[in-house]
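Shown next, in structure tokens, is the structure this report addresses.
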């Protein structure tokens with residue numbers, strides 16, 4: 006594999022993990038990222054099951070454990086902040102709770118993967134791929150900064166709305182691959198109060214609205230902060246056109262939608278106005294069931310190929326595992342892209358199918374329309390949370406399929422043990 010030149014678009018999670026293994030197998034890897042610098046914001050993510058096994062093979066488990074949010078569990082609360090149901094963190098690794106033992110901010114995880122690869126991988130920030138043409142066993146790439154290069158492989162790991170996916174498969178596939186779940190979410194940080202504690206607090210308001218507050222430690226500034234997110238299931242035309250709005254207009258829209266939500270809405274919206282890390286996104290999946298994940302010497306992975314959505318609990322794990330398997334299959338078949346990509350899909354597709362299978366009715370089921378529906382949901386959750394056996398049963402059989410794949414063993418330098 007030594008001597009192969011590989012380009013990866015996207016410096017989030019999947020891209021750096023793929024680069025980690027490819028670089029240690031002898032390839033010369035470049036990651037291009039359109040953001041001017043490494044993105045450090047984002048939401049809480051968890052790593053469970055096979056995802057954690059890959060992190061161990063990278064030798065990064067200790068680094069990840071050192072940056073966890075220390076969240077103690079998830080509490081469902083009513084408008085008076087009374088706890089209706091409590092689900093403590095699962096420290097068994099058996100997927101028995103909503104909160105995994107390893108809860109980490111997406112930006113912190115990305116920084117760990119970046120630090121583990123920056124000495125072996127070339128990073129180019131503030132640029133992106135403008136066009137690609139495959140010719141004579143090379144992919145000829147033109148970048149938006151004006152440079153041109155040739156690569157043996159090009160991989161798209163640049164998220165749900167991946168523009169590189171459109172370059173690989175065409176703009177029609179770029180749009181049709183995204184399957185909306187009818188929900189939108191805004192993420193940002195707010196000032197921390199003593200009452201926030203170390204439990205995540207989940208509050209439902211009528212109109213299929215949700216406010217979620219989660220703990221976090223901003224280690225660089227030795228500052229305690231709270232991660233806030235506003236969720237809403239809606240077919241509003243304004244929400245559907247959110248990407249065309251400015252940040253100020255998006256924040257104004259959140260005020261319009263949540264001003265009467267109750268609980269801590271007033272505080273959250275006030276702090277949102279001064280938040281510099283506000284991010285609004287559609288909750289969706291990427292499904293390419295009728296299309297291969299590759300085209301010639303180009304392929305997609307992570308959210309760009311099979312985003313299961315934030316509500317699946319599987320996004321980060323699937324991205325990490327997919328990157329590991331793609332790297333391993335390339336290492337096995339460096340001169341035969343067709344065989345490498347075929348094996349990658351054969352191993353990953355069954356896992357992706359399970360990861361993308363949501364509970365019937367989700368996400369609307371967890372976001373009732375009426376006050377009565379919220380009371381009923383919280384009552385059921387309260388019964389489950391106070392019944393250990395029932396909680397374990399639901400966690401095991403209704404939770405994310407975190408171990409629904411057997412990791413192959415690959416002969417790659419630095420792979421480590423299982």
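Residue numbers (this note's numbering): 6 to 423.
Glycine is no exception: its CB is placed at the ideal position from the N, C-alpha and C atoms.
Given this structure, state the Cα-to-Cα distance separating residue i from residue j, to the nearest angstrom.
{"i": "residue 253", "j": "residue 246", "result": "14 Å"}
{"i": "residue 12", "j": "residue 279", "result": "37 Å"}
{"i": "residue 125", "j": "residue 116", "result": "15 Å"}
{"i": "residue 114", "j": "residue 27", "result": "19 Å"}
{"i": "residue 18", "j": "residue 70", "result": "16 Å"}
{"i": "residue 175", "j": "residue 20", "result": "21 Å"}
{"i": "residue 301", "j": "residue 140", "result": "10 Å"}
{"i": "residue 332", "j": "residue 343", "result": "14 Å"}
{"i": "residue 120", "j": "residue 385", "result": "44 Å"}
{"i": "residue 90", "j": "residue 53", "result": "23 Å"}
{"i": "residue 155", "j": "residue 142", "result": "10 Å"}
{"i": "residue 64", "j": "residue 368", "result": "35 Å"}
{"i": "residue 389", "j": "residue 381", "result": "13 Å"}
{"i": "residue 416", "j": "residue 49", "result": "33 Å"}
{"i": "residue 251", "j": "residue 283", "result": "11 Å"}
{"i": "residue 442", "j": "residue 272", "result": "Shown here, the chain extends from 6 to 423; a query on residue 442 therefore has no answer."}
{"i": "residue 262", "j": "residue 242", "result": "13 Å"}
{"i": "residue 371", "j": "residue 360", "result": "18 Å"}
{"i": "residue 392", "j": "residue 150", "result": "58 Å"}
{"i": "residue 25", "j": "residue 118", "result": "8 Å"}
{"i": "residue 379", "j": "residue 201", "result": "22 Å"}
{"i": "residue 137", "j": "residue 47", "result": "30 Å"}
{"i": "residue 198", "j": "residue 260", "result": "21 Å"}
{"i": "residue 304", "j": "residue 161", "result": "6 Å"}
{"i": "residue 328", "j": "residue 85", "result": "44 Å"}
{"i": "residue 427", "j": "residue 57", "result": "Within the shown structure, residues of the chain are numbered from 6 to 423, placing residue 427 beyond reach of any answer."}
{"i": "residue 347", "j": "residue 67", "result": "34 Å"}
{"i": "residue 39", "j": "residue 258", "result": "27 Å"}
{"i": "residue 122", "j": "residue 22", "result": "8 Å"}
{"i": "residue 196", "j": "residue 221", "result": "11 Å"}
{"i": "residue 144", "j": "residue 335", "result": "16 Å"}
{"i": "residue 32", "j": "residue 285", "result": "36 Å"}
{"i": "residue 152", "j": "residue 366", "result": "48 Å"}
Using C-beta distances below 6 Å, list every residue in its chain close to residue i, excluding the 5 sequence neighbours before and after it, in chain order.
{"i": "residue 88", "result": "80 and 82"}
{"i": "residue 217", "result": "207 and 234"}
{"i": "residue 127", "result": "35"}
{"i": "residue 167", "result": "161 and 309"}
{"i": "residue 387", "result": "89 and 90"}
{"i": "residue 244", "result": "189"}
Judging by CA-CA distance, which residue of the options is the nearest neighbour of residue i?
{"i": "residue 73", "options": "203, 357, 196 and 33", "result": "203"}
{"i": "residue 351", "options": "392, 274, 198 and 298", "result": "298"}
{"i": "residue 219", "options": "239, 243, 192 and 241", "result": "192"}
{"i": "residue 363", "options": "313, 328, 377 and 123", "result": "313"}
{"i": "residue 281", "options": "256, 287 and 289", "result": "256"}
{"i": "residue 110", "options": "85, 131, 136 and 75", "result": "75"}
{"i": "residue 9", "options": "360, 150 and 159", "result": "159"}
{"i": "residue 44", "options": "86, 361, 163 and 334", "result": "163"}
{"i": "residue 187", "options": "322, 335 and 237", "result": "237"}
{"i": "residue 295", "options": "46, 178 and 319", "result": "178"}
{"i": "residue 108", "options": "322, 157 and 374", "result": "322"}
{"i": "residue 55", "options": "258, 326 and 221", "result": "326"}
{"i": "residue 215", "options": "373, 319, 39 and 365", "result": "373"}
{"i": "residue 112", "options": "29, 32, 144 and 232", "result": "232"}
{"i": "residue 341", "options": "229, 157 and 366", "result": "157"}
Go through its chain and collect everything with a Cβ distance to residue i's Cβ below 7 Å, but skip five positions before and after it.
{"i": "residue 134", "result": "14, 37, 146, 148, 169 and 172"}
{"i": "residue 414", "result": "none"}
{"i": "residue 165", "result": "183, 289, 291, 308 and 312"}
{"i": "residue 287", "result": "185 and 189"}
{"i": "residue 451", "result": "Past the edges of the chain, shown from 6 to 423, lies residue 451, and the structure says nothing about it."}
{"i": "residue 41", "result": "130 and 131"}
{"i": "residue 330", "result": "349, 352, 353 and 413"}
{"i": "residue 375", "result": "211"}
Spell out the partners DSSP gives residue i in its beta bridges.
{"i": "residue 337", "result": "Paired residue(s): none; residue 337 is not in a bridge."}
{"i": "residue 78", "result": "93"}
{"i": "residue 238", "result": "188"}
{"i": "residue 14", "result": "37 and 161"}
{"i": "residue 286", "result": "190"}
{"i": "residue 207", "result": "81 and 217"}
{"i": "residue 51", "result": "108"}
{"i": "residue 147", "result": "136 and 153"}
{"i": "residue 130", "result": "38"}
{"i": "residue 29", "result": "According to DSSP, which records beta bridges pairwise, residue 29 is partnered with nothing at all."}
{"i": "residue 369", "result": "Answer by DSSP bridge pairing: none, since residue 369 is not bridged."}
{"i": "residue 291", "result": "183"}
{"i": "residue 304", "result": "160 and 299"}
{"i": "residue 195", "result": "231"}
Cβ of residue i versus every heavy atom of the ligand GDP: is any distance shorter than 7 Å?
{"i": "residue 362", "result": "In the structure on display, the ligand GDP does not appear, and there are no ligands present to speak of."}
Leaving out five residues before and five after residue i in sequence, what residues of the same chain have Cβ atoms less than 8 Å from its Cβ?
{"i": "residue 274", "result": "259, 260, 263 and 264"}
Report yes or no: do the stretch 254-269 and the stretch 204-211 share at least 3 C-beta pairs separated by less than 8 Å? yes
Taking three-plus beta-carbon pairs below 8 Å as touching, is the stretch 408-418 in contact with the stretch 354-365? yes
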